[in-house]
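Following: one structure in structure tokens, then a few remarks.
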Amino acid sequence: MARFVARRLLGMTAVLFAISVIVFLIFNVIPNSDPAARIAGKNADPALIARVNADLGLDKPLPVQYLTMMKQIFTGQLTSYAKDRNVVQQIWEGVPATFSLCIGAAVLWMSLAILFGYLSAVHAGRFADRALTILSLVGISMPVFWLAAMLLYFLSFKVELFPTGSYVPLTESPGDWAYHLILPWFTLAVLFVGIYSRVLRSNMLDAMNEDYVRTARAKGLSERQVRIRHVLRNSMIPVITLFGLDFGMVVGGGAILTETVYNLDGVGLYAGEAIRSLDLPPLMAVVMFGAFFIVFFNTIVDILYAVLDPRIRLGEAAPA
Amino acid sequence: MVSPIDSLEAPGEPPIPTGVPVAQIQGRSPWYLAWLRLRRNKVALVCAAVFVLIVLFCLAAPLWAEHVAHTGPNENHITDTVMIDGQETDVVAPDGTPLGPGLHGKFLLGADQNGRDVMVRLMYGGRTSIYVGLAAALVTTILAVIVALLAGYYRGWIDAVLSRTMDIIWAFPVLLLGIALGTTLSIGGLKAGPIQIAGDSLWIPILIIGLVYVPYVARPIRGEILALREKEFIEAAVAQGKGPLRIMFSELMPNIVSTVVVFFTLNIANNMLLESALSFLGAGVRPPNASWGTMISDGYQVIFTAPHLTVVPGLMIVATVLSLNVFGDGLRDAMDPRAKIRLEH
Amino acid sequence: MSAIMTVEDLRVSFATEDGVVKAVDGVSFELAAGEVLAIVGESGCGKSVTAQTLTGLTRASNARITGSVNYRGREINGLTDNQLRDVRGEQIAMVFQDPMCALNPVYRVGDQITEMIRAHRDVSKKEAKAKAIELLRSVGIPNADRRVRLYPHEFSGGMRQRVMIAMALALEPDVLIADEPTTALDVTIQAQILQLIDRLNRERDLAVIIITHDLGVVAEIADRVLVMYAGQVVEDATLDEIFYEPKHPYTWGLLGSLARLDQPRTTRLTQISGAPPSLLAPPAGCRFAPRCSHVFDKCTELPPLEARTGGTHLDRCWLDPDIKAHRGSERVAHHG
Chain A
1 MARFVARRLL GMTAVLFAIS VIVFLIFNVI PNSDPAARIA GKNADPALIA
51 RVNADLGLDK PLPVQYLTMM KQIFTGQLTS YAKDRNVVQQ IWEGVPATFS
101 LCIGAAVLWM SLAILFGYLS AVHAGRFADR ALTILSLVGI SMPVFWLAAM
151 LLYFLSFKVE LFPTGSYVPL TESPGDWAYH LILPWFTLAV LFVGIYSRVL
201 RSNMLDAMNE DYVRTARAKG LSERQVRIRH VLRNSMIPVI TLFGLDFGMV
251 VGGGAILTET VYNLDGVGLY AGEAIRSLDL PPLMAVVMFG AFFIVFFNTI
301 VDILYAVLDP RIRLGEAAPA
Chain B
1 MVSPIDSLEA PGEPPIPTGV PVAQIQGRSP WYLAWLRLRR NKVALVCAAV
51 FVLIVLFCLA APLWAEHVAH TGPNENHITD TVMIDGQETD VVAPDGTPLG
101 PGLHGKFLLG ADQNGRDVMV RLMYGGRTSI YVGLAAALVT TILAVIVALL
151 AGYYRGWIDA VLSRTMDIIW AFPVLLLGIA LGTTLSIGGL KAGPIQIAGD
201 SLWIPILIIG LVYVPYVARP IRGEILALRE KEFIEAAVAQ GKGPLRIMFS
251 ELMPNIVSTV VVFFTLNIAN NMLLESALSF LGAGVRPPNA SWGTMISDGY
301 QVIFTAPHLT VVPGLMIVAT VLSLNVFGDG LRDAMDPRAK IRLEH
Chain C
1 MSAIMTVEDL RVSFATEDGV VKAVDGVSFE LAAGEVLAIV GESGCGKSVT
51 AQTLTGLTRA SNARITGSVN YRGREINGLT DNQLRDVRGE QIAMVFQDPM
101 CALNPVYRVG DQITEMIRAH RDVSKKEAKA KAIELLRSVG IPNADRRVRL
151 YPHEFSGGMR QRVMIAMALA LEPDVLIADE PTTALDVTIQ AQILQLIDRL
201 NRERDLAVII ITHDLGVVAE IADRVLVMYA GQVVEDATLD EIFYEPKHPY
251 TWGLLGSLAR LDQPRTTRLT QISGAPPSLL APPAGCRFAP RCSHVFDKCT
301 ELPPLEARTG GTHLDRCWLD PDIKAHRGSE RVAHHG
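Protein chains in written order, with my numbering: chain A, 1 to 320; chain B, 1 to 345; chain C, 1 to 336.
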């Protein structure tokens, strides 16, 4: 097991390195303009541009530039010149809001997805299943930001059921914190409930045809025991991996849209502002951290998968 | 499963009677069977029709603009008035509230805060959204198939390199990568050797969205190619002296077409959602082009006073994406042989 | 010995795109207490479907099941899963063909056995675990106390099948249905598993229904034999009667195609020409007629399964009993 973990961590480091290189290339090589001028922002004066050049060593060869940039990011010195603020600090300040949003939404979507997926699979082909399938399909066909806007308009403005966005820190008032997050949680969850309930349903329907389910029945277990202890348990394994990927993705950047609409002071909102003003340093940092978080989280999920499925742990290849 | 005749007669032996007369047995290709199954799925067919209708609707934009609304998508009528029910009404009220939807030829769906006809913009914007979605899906599919064929057929280091590249692209959250590329490429455009694309061209979002989903499609297809490769008909083709290209085109490709078609359909839906998200944030379709995503972005500014500007383009996206998803699902069910044993008694 | 299970006119059909497949088309037999009944036939003859249907394990939504399965005076065909809970495992246990697939890969072997015990008996986890270890020992698994904590894929094929048998015996059932229990195993292991089943049958008076396509397996442990063809029983007799006085041309063909140690080396094995009929539209008369070298005009009418030669030896063939007696023993004598 220890060797398995070590191998995974090593792989993770390699991927992280590759990602940092790619992000660097995207932000420094692709744009067709003077790098210093671009990073300095739209309203830069020559003095500022010179300063950027000096700080980031933009006149030096690419590999050196890369190292300087990485140093700047990881020592928390990267600055948004256009707004004259420290990028890393801004990101750090946005983390509580982003995590509150993502974790809450994740709990909500997993609970609902398991419930809907299970019901859909058990009542496959009948009304409950069809209804849930339609709901899921509609859920995955809606642009998240549009859904957010609609909920905001109808449930917050027209009918003043919920507050109109903005984030209240947990430490300030737990009640308000949750109250302000209900609509955002729901918005973010809708898309994923649609996806996950369908995946779980499909996995469960496949598992129901497996031999070990037949054995479980032949042993005289009740239907409920068969469904939960054998069908659901085995079907959840791929769902957990998927969850790992998606949760990482949501924190890493998927929450941008929801935060923008609901005006939550998270990392996503910060990124959204940076996009609109084409402010590159914050964007680069957000993309970097986003990707890092995902890779890190995926590695954890890989390890968790091994815990859940003993076949992986003991060196056997995972079944398809 | 059961087949009527499953033995070859030894030469010289009398014909062997079985339960079913030979004349009744028709050869039915998998395509025909899939088509039969699809035909039975009324819901999927309806959705396909809905999608086609939406496309036609958007294509009819110039007709509507000229003959019904008498205005273009970018024409400003902010200071104009229109005749509605015999009364002269401001297109945009003095306090900035634009005209709402109603049953009149001009401004059927109202106006936006710049006095532009929403219906006309909706149709033109739809053309952009659907065009980007389709074109990007083509880009993704072509690239993914090439990558999958090469990686799956040659295996070895070619596969290793391609797979690692796919993994790394896929390590980026789709939205973030789209934002990263969308913003950087919009500054000054793309200049790669002979290829020059302007920063505000539609091809920037098309290429970005197309690229971002390549790993998602390439991986399963590569898996299929790897499996197909082990089958005897490939060995036979190699033994016949067919070169790699011919094998890829005449032996491997036909077998993955059904998977590719399903992915292509569902991909259009994903692309449209991604495009609208990127455009909403400002990293996708850029002015002067307009798409449903940019319309929502504009409309969101005045959502409390003019909700129709946000509701309408969003509904169009939902309708289009939903119909594609349902039809894609139906296609997948039709191509899946396991569907064979699902009839009720 | 009285019958503890009586099956009467069991029919199982599946609706498919191509039509209705009649997998089991009128199967009837009796199982006496402590008897080993072998159901023999080629792939697709309906023997596995029959075995699974006995305890209601055929659950495809397109399946239609009619007929009677009577266990100890109680009709168990058509009962719901919850109604069958006290039969499955407790009275009738099953062992399947591929133990790798039949055991849940993510649970330890011991847990799967204790799960079964605790579903039927009110015992503590410790007691159940002790019982599980004892069961593993009784089927000949060494170091049972350690192996009880292992996962299925950590056992070899033969050991896995022993685990399945141990699990099946956990509640001391009266009947064990073994569906091709040795097909997925090496020949040497096959012998061990069969010996195990044989021992259990003798020691515990455990009735066994063993499904197989291998006549060697039949010869090893069966008391009675059911020969199935195209969804129907074509011969029902004791072991000796089947091997020494077979009365159906299909059985003759099966026996004739056996490789025997006492045959001259260059003898070709006899094949039965042709192929089994389509179960979508089986022939109207005797289903074996198209392949039978003794076919005559009466064969266009489906023969019922009857005791035509007295006693309990049933067969489904119109041929004159004298011809059967002559041809049957001739077939056997021919090769030895």
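Backbone N, C-alpha and C fix where the C-beta goes; we use that ideal spot for every residue, glycine too.
What you are looking at is a predicted structure, and each value in this text was computed from that prediction instead of being measured.
Contact of Ile179/B with chain A by beta-carbon distance below 8 Å involves Gly253, Ile256, Ala271, Ile275, Leu283 and Val287. Residues of chain C whose Cβ lies closer than 9 Å to the Cβ of Gln225/A are, in chain order, Glu115 and Ala119. Gly73/C sits exposed, since fewer than 16 C-beta atoms from the chains shown fall within 10 Å of its C-beta. Relative to Val95/C, the option among Phe14/C, Val20/C, Asp111/C and Ile193/C whose CA is nearest is Ile193/C. Excluding five sequence positions before and after Trp185/A, the CB atoms of its chain that fall closer than 8 Å to its own CB belong to Leu101, Gly104, Ala105 and Leu108, given in chain order.
With respect to the 8 Å criterion, Tyr196/A and Asp265/A are not classified as neighbours on the basis of their beta carbons. Remark: C-beta atoms of Arg11/C and Thr55/C do not approach each other more closely than 8 Å. Residue burial annotation: Thr171/A is exposed, with fewer than 16 other C-beta atoms found within 10 angstroms of its C-beta.
Secondary structure at Val159/A: coil, using DSSP grouped into helix, strand and coil. Among the bridge pairs identified by DSSP, Gly19/C is matched with Thr16/C.
Annotation for Ile103/A: no beta strand (DSSP E) segment contains it, though the alpha helix (DSSP H) segment containing it runs Val87 to Val122. For Thr215/A, a Cβ of chain C is located within less than 8 Å of the residue's own Cβ.
Of all residues in the region 185-211 of chain A, the ones placed with a Cβ closer than 8 Å to any Cβ belonging to chain C are Glu210 and Asp211, in chain order. The region 208-228 of chain B makes contact with the region 141-158 of chain B: 3 or more CB pairs, one atom from each, lie closer than 8 Å.
The shortest CA-to-CA distance from Ala281/C to any of Arg121/C, Val49/C, Ala230/C and Leu84/C is the one to Ala230/C. Around the beta-carbon of Phe263/B, 16 or more other beta-carbon atoms lie within 10 Å, marking it buried.
Buried is the label assigned to Val7/C, since at least 16 other Cβ atoms lie within 10 Å of its Cβ. A direct Cα-Cα distance of roughly 40 Å separates Leu183/A from Tyr107/C.
As for any alpha helix (DSSP H) of minimum length 4 sitting wholly inside the region 125-175 of chain A, the runs are 127-141 and 144-151, ordered along the chain. Sequence-distant partners of Val50/B (beyond 5 residues in either direction) whose C-beta falls short of 6 Å from its own C-beta, in its chain, are Ser323. Collapsing the DSSP output to three states places Arg227/A in a helix. Residue nearest to Leu99/B within the set Gly299/B, Ile206/B and Ala236/B is Gly299/B (criterion: CA-CA distance). Cβ-Cβ separation between Val49/C and Ala23/C: approximately 5 Å, consistent with a contact (criterion under 8 Å). Residue pairing by DSSP places Asp25/C opposite Arg11/C in a beta bridge. Taking a contact as a CB-CB distance under 8 Å, the pair Leu38/B and Gly330/B counts as one, their CB atoms being some 6 Å apart.
Considering only Ile256/A, Ile140/A, Phe154/A and Met204/A, the residue with the shortest C-alpha distance to Ala306/B is Phe154/A. The DSSP assignment places 63-71 and 92-95 as complete runs of the beta strand (DSSP E) inside the region 51-123 of chain C, in order along the chain (cut-off: 3 residues). Nearest C-alpha to Gly311/C among Asn104/C, Glu241/C and Arg149/C: Glu241/C.
Each of Ala227/B, Pro173/B and Thr79/B was checked against the Cα of Gly115/B, and the nearest Cα belongs to Thr79/B.
For Pro143/A, the nearest CB of chain B lies under 8 Å from its own CB, placing it at the interface with that chain. Residues of the region 99-111 of chain C whose Cβ lies closer than 7 Å to any Cβ of chain A, in chain order: Cys101, Ala102, Leu103, Asn104, Pro105 and Val106. By the C-beta density criterion, Asp309/A is buried, having at least 16 other C-beta atoms within 10 angstroms. A straight line joining the alpha-carbon of Asp9/C with that of Asp25/C spans about 8 Å. Annotation: the continuous beta strand (DSSP E) that includes Lys191/B extends over Leu190 to Ala192. In this model, Leu221/A and Ile113/C are separated by some 12 Å (Cα to Cα). Here the alpha carbon of Ala160/B sits roughly 19 Å from the alpha carbon of Tyr213/B.
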